[in-house]
Amino acid sequence: MRVIRIDASTATILLTEAPAPKVRDRQTGEIAKDAVSGEALMTVGVVYIDEGESSLIQVTIPESGVTDGLTVGAPISLPGLVARPWESVFNGQQRHGIAYRATAIAPGAFPMAQAG
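Converting from the sequence shown to my numbering requires adding 568 to each position, the first position being numbered 1.
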């Protein structure tokens with residue numbers, strides 16, 4: 569599937585859920601791993617605000633990309649943020665959505681207000 573790069577340079581991104589291991593199998597508790605590197609994956613909840621609209625999204629990040637100093641409610645940066653559309657059939661039901669992934673998560677800053 570196509571990967572869409574997201575330009576978040578004008579967005580405000582706030583942390584709403586602290587990083588937690590991404591669970592691959594809820595019955596066994598197996599942690600999801602990156603298909604290429606084998607590294608454990610983490611998820612974070614964020615609110616993405618841009619051009620007067622906001623969305624609550626979950627973003628997957630490799631464990632090594634999680635930095636110290638993250639505070640729920642504070643602005644963060646998500647370098648390498650991409651969106652990947654997906655679809656599947658589960659128990660006869662067609663499902664679809666967008667998966668978000670970033671290379672890292674770090675404390676950020678509120679964007680400067682545009683003078684005008």
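We put the beta carbon where it would ideally sit given N, CA and C, even for glycine.
Local conformation of residue i per DSSP, three classes
i    : result
S645 : strand
G606 : coil
Residue i and residue j closer than 9 Å at C-beta
i    : j    : result
I629 : V657 : no
I625 : L582 : no
V614 : A600 : no
Residue range of the beta strand (DSSP E) that includes residue i
i    : result
L583 : 580-589
A667 : 661-669
From the options, residue whose alpha carbon lies closest to that of residue i
i    : options                : result
T671 : V650, Q661, G665       : V650
P643 : Q661, I666, G676, N659 : G676
S645 : G597, E619, A608, R669 : R669
Burial state of residue i, where buried means 16 or more other Cβ atoms lie within 10 Å
i    : result
I673 : buried
A603 : exposed
G633 : buried
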